[in-house]
Amino acid sequence: MKRKFLSTLALLMSSSVLLIGCSSNDTSTPATENAGATSTPSNTVDSASSDSDSAETDAPTSDTTGNGVSGKVSIAGSTTVASPMEAIQEAFKEVEPNITLEIQAVGSSAGIKAAADGTAEIGMASREVKDSERAEYGLNEIVIAKDAIAVVVHPDNPITDLTIDQVKDLFEGTIKNWSEIGGADQDVIVICREDGSGTRSAFEEIIGLEMDINGVTVSSVSPMAIIQEGTGAVKATTAAQEGGIGFVSLGYIDNTISAVTISGVAPTVEDTLSGAYPISRPLLLVTQDDLSAQAQALVDYILGSDGQAVLESHNYVPVG
Amino acid sequence: MDIMKWVFRGCAALTIVAISVIGFFIIFNGLSFFTHTSLWSFLTGQYWLPSGEIFGIFPMLVSSFFATLGSVTIGILIGVSTAIVLVELLPAKLASILSKMIDLLAGIPSVIYGFFGLMVIVPLIKNNLGGSGLSLLAVIIILTFMILPTIIRMTEVSLKAVPREYKEGAYALGATRLQYIFKVQLRSAKSGIIAGIMLAIGRALGETMAVMLVAGNAVIIPENILSAVRTVTANIAMEMSYASGVHEQALFATGLVLFAIIIGINILMQWIVRRLDRG
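Listed below in structure tokens is the structure:
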């Protein structure tokens, strides 16, 4: 009797938990859309004129300063894009005090997924959208800036310049000791991001760290490589290992690690902009077709001259 | 009174709900992966290359096994000895102070252990033994610290529970103190000690954060104790935030394997304890 009671109760509660889970997911999307719809009237013309197609190709010139839009924009995705977005958030507050941004750093893949299922209005990605994702979700992609990826070593390492081929050999484990390329007699310790990281996949693609196994393309980073979760951890590990080599976004460089030049070109905003520095990737925002007025205002601001200036001041390469 | 009965029943049911929802969630998400890769090749595969959708967790199973084996072996030696000292050899006042400190050790969050490992143990290994320091050895040392309180506490409690008559009887028969401890006390406390060891195994196997910080996380079968390793738990924690599609399913499947191993250990523990109690 008692057992029967408990098991029915358990069933009932577990099913109700599941149901609650589903329904809350469903309601969250329309709620944010409604919030957007009610506050749009003053801005409908503006948002219609600069839809995301035009935004993708070129930055709109109109500055939408304080046109009374208010509301909330939820943004989720890449940790790399989250840090410039936080800088944007600061500056944007001055222009549009009534729009609040909610930024969640959950990773590129999760961000794209969040934008696709409506959990977030804007997704952030620090890598190209994969063809499979493009086919499945059909999201609009907006390039807000480019980000140079710097190859970094311990500050005590005498090596200051590498070629792309040397970087490839180092990361594949073909070069095992720094003395092989004229450095100190020290084992190379490769430090890499985890699989699925946008920084890693962009880096692998540019350096050519890819190989074929049974017809599928896989990463050819040495299996002995130390894997660290997050750019901060890669930076800290490189700073702690005299023989270490890793890669981080340009914005992360400080005096605890030193960035090597690639065939003589240092990772700087100017050289990335001119294309002389080869390792860079786009920072993307992905959205669905119908943006709320406040989200559109944000996108316009980022692509406008003010937003691009903010990004450039944080070591990101402007696109506008 | 009737209301309280319902409250208690409700609380009990909540536990069952939590367990079944978690179990259902993992199984539901994990099982669908096995249409992509068979269970056998998942468990025995040498390569974990999510970029090419090649998923094999054998190196991680091996790493988890060695990390657990190493830390539990050292943990048993140190932990049981400490418990004996606490219960039988130290003066009561000193023992109670030490005992409180061990409780404190149990309360330290795992990320603090990991941070300590990264800042102290890893450089120590790097400077004295070479390599990067991020290694199986560092994992074993950190895990040993983390499971010691469990082993000490369980051993202490079961040693204390040995009836006083045994001690009197042993001494009356002319046993020395050490003879009593090793031949009488430890033997009669063995089921409690083994339960403690099993709990420690579960903790060592399941620990994630601290391990991830010091392990180096390379997916290789460790060649020696200084190799970087990735444990099963670290694999899930490390890649879950960025995974999508089959990769995500593979991580759920990894969780499913871990779930099965932990359940297996629990069942084994209950079986052993029951057997020892009977025998």
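The listed protein sequences derive, respectively, from chains H and U.
Counting from 36, one number per residue, gives the positions in the first sequence under my numbering.
Counting from 31, one number per residue, gives the positions in the second sequence under my numbering.
From the three backbone atoms N, C-alpha and C, an ideal C-beta is built for every residue, glycine too.
Residue i, DSSP secondary structure in three states
i: Ser254 of chain H; result: strand
i: Gly161 of chain U; result: coil
i: Ala160 of chain H; result: strand
i: Ser105 of chain H; result: coil
i: Gly146 of chain H; result: helix
i: Val244 of chain H; result: Reading off the sequence shown, one finds Leu at residue 244 of chain H, where the question assumed Val. In the structure shown, Leu244 of chain H sits in coil (DSSP, three-state: anything other than H, G, I, E or B).
i: Lys181 of chain H; result: strand
i: Gly40 of chain U; result: helix
i: Glu83 of chain U; result: coil
i: Val259 of chain U; result: strand
i: Ser284 of chain H; result: strand
i: Asn192 of chain H; result: coil
i: Ile314 of chain H; result: coil
i: Gly217 of chain H; result: coil
i: Val25 of chain H; result: In the structure displayed, chain H extends from 36 to 355; residue 25 of chain H sits before or after that span and is not available.
i: Gly275 of chain U; result: coil
i: Thr322 of chain H; result: strand
i: Gln263 of chain H; result: strand
Partner residues on chain U for residue i, Cβ-Cβ distance less than 7 Å
i: Gly231 of chain H; result: Pro80, Glu269, Tyr272, Ala273, His277
i: Val141 of chain H; result: Ser271
i: Lys148 of chain H; result: Ser274
Within chain U, partners of residue i - CB distance below 9 Å
i: Glu121 of chain H; result: Near Glu121 of chain H there are no residues of chain U at all, since even the closest Cβ is about 18 Å away, more than 9 Å.
Within 8 Å, strictly: CB atoms of residue i and residue j
i: Val150 of chain U; j: Val244 of chain U; result: no
i: Ser330 of chain U; j: Ala234 of chain U; result: Since the first residue shown for chain U is 31 and the last is 309, residue 330 of chain U is missing from the structure and cannot be characterised.
i: Trp116 of chain U; j: Glu186 of chain U; result: Checking the sequence shown, residue 116 of chain U turns out to be Leu, not Trp. Closer than 8 Å, so yes.
i: Gly75 of chain U; j: Gly82 of chain U; result: no
i: Gly231 of chain H; j: Pro80 of chain U; result: yes
i: Arg231 of chain U; j: Ile295 of chain U; result: Note that residue 231 of chain U corresponds to Ile in the displayed sequence, not to Arg. Yes; because the gap between Cβ atoms is below 8 Å, this pair is in contact.
i: Ile184 of chain H; j: Glu168 of chain H; result: no
i: Val283 of chain H; j: Ala160 of chain H; result: no
i: Asn175 of chain H; j: Asp324 of chain H; result: yes
i: Ile134 of chain H; j: Ala332 of chain H; result: yes
i: Ile241 of chain H; j: Pro313 of chain H; result: yes
i: Asn247 of chain U; j: Ala264 of chain U; result: yes
i: Arg316 of chain H; j: Ala268 of chain H; result: no
i: Glu239 of chain H; j: Ile262 of chain H; result: no
i: Ile171 of chain U; j: Ala97 of chain U; result: no
Cross-chain neighbours of residue i in chain U, by beta carbon under 8 Å
i: Thr252 of chain H; result: Ser81, Gly82
i: Gln323 of chain H; result: Chain U residues near Gln323 of chain H: none, gap ~18 Å exceeds 8 Å.
i: Ala145 of chain H; result: Ser271, Tyr272, Ser274
i: Ile248 of chain H; result: Tyr77, Leu79, Gly82, Ile84
Close-in-space but distant-in-sequence residues of the same chain around residue i (CB under 8 Å, 5 per side omitted)
i: Ile194 of chain H; result: Val188, Trp213, Ile216, Gly217, Gly218, Val295
i: Asp200 of chain H; result: none
i: Ile155 of chain U; result: Gly161, Gly163, Ser165, Leu167, Ala168, Leu256
i: Ala267 of chain U; result: Thr238, Met239, Met242
CB-CB length for residue i against residue j, believed under 8 Å
i: Leu281 of chain U; j: Met270 of chain U; result: 5 Å
i: Thr273 of chain H; j: Ile226 of chain H; result: 5 Å
i: Leu318 of chain H; j: Ala180 of chain H; result: 5 Å
i: Ile223 of chain U; j: Met184 of chain U; result: 7 Å
i: Leu166 of chain U; j: Val259 of chain U; result: 5 Å
i: Leu244 of chain H; j: Glu277 of chain H; result: Rounded, the Cβ-Cβ distance is 23 Å, inconsistent with contact.
i: Asn350 of chain H; j: Pro190 of chain H; result: With 8 Å as the limit, Asn350 of chain H and Pro190 of chain H do not qualify as a contact, their Cβ atoms being about 19 Å apart.
i: Thr114 of chain H; j: Gly265 of chain H; result: 7 Å
i: Ile104 of chain U; j: Thr174 of chain U; result: 5 Å
i: Ile182 of chain U; j: Ala125 of chain U; result: Actually they do not touch by this definition, with Cβ atoms about 12 Å apart.
i: Ile248 of chain H; j: Ile211 of chain U; result: No, Ile248 of chain H and Ile211 of chain U are not in contact; Cβ-Cβ is about 57 Å, not under 8 Å.
Proximity test, residue i beta-carbon vs the ligand SAM heavy atom, cut-off 7 Å
i: Leu285 of chain H; result: Ligands are entirely absent from the displayed structure, and the ligand SAM is therefore not among its contents.
Cβ neighbours of residue i in the same chain (closer than 7 Å, five flanking residues each side left out)
i: Gly71 of chain H; result: Bear in mind that a pLDDT of 38 at Gly71 of chain H, under 50, signals an unreliable position, so the model cannot answer this.
i: Ile138 of chain H; result: Ile110, Ala117, Met120, Glu121, Gln124
i: Glu347 of chain H; result: Val304, Pro353
i: Ser140 of chain U; result: Met176, Glu237, Met239, Ala240
i: Ser188 of chain U; result: Ala219, Gly222, Ile223
Neighbouring residues, chain H, relative to residue i (Cβ below 9 Å)
i: Ser317 of chain U; result: The structure shown has nothing for residue 317 of chain U, since chain U only spans 31 to 309.
i: Ala97 of chain U; result: The premise fails here: Ala97 of chain U is roughly 16 Å from chain H at the closest Cβ pair, so nothing lies under 9 Å.
Contacts of residue i in chain H (Cβ-Cβ under 7 Å)
i: Val249 of chain U; result: Pro258
Chain-ordered chain H contacts of residue i [CB-CB under 8 Å]
i: Met242 of chain U; result: Glu264
i: Gly246 of chain U; result: Ile261, Ile262
6 Å CB neighbourhood of residue i in its chain, flanking five on each side removed
i: Val141 of chain H; result: Ala111
i: Ile255 of chain U; result: Leu166, Leu167
i: Val214 of chain U; result: Tyr196, Ala200
i: Ile224 of chain H; result: Gln276, Gly278, Gly279
i: Val202 of chain H; result: Val186, Ile242
i: Tyr172 of chain H; result: Ala151
i: Gly204 of chain U; result: none
i: Ile132 of chain U; result: Pro179, Ile182
C-beta neighbour in chain C for residue i, strict 8 Å
i: Ala258 of chain U; result: Structure shown: chain C not included; protein chains present are H and U.
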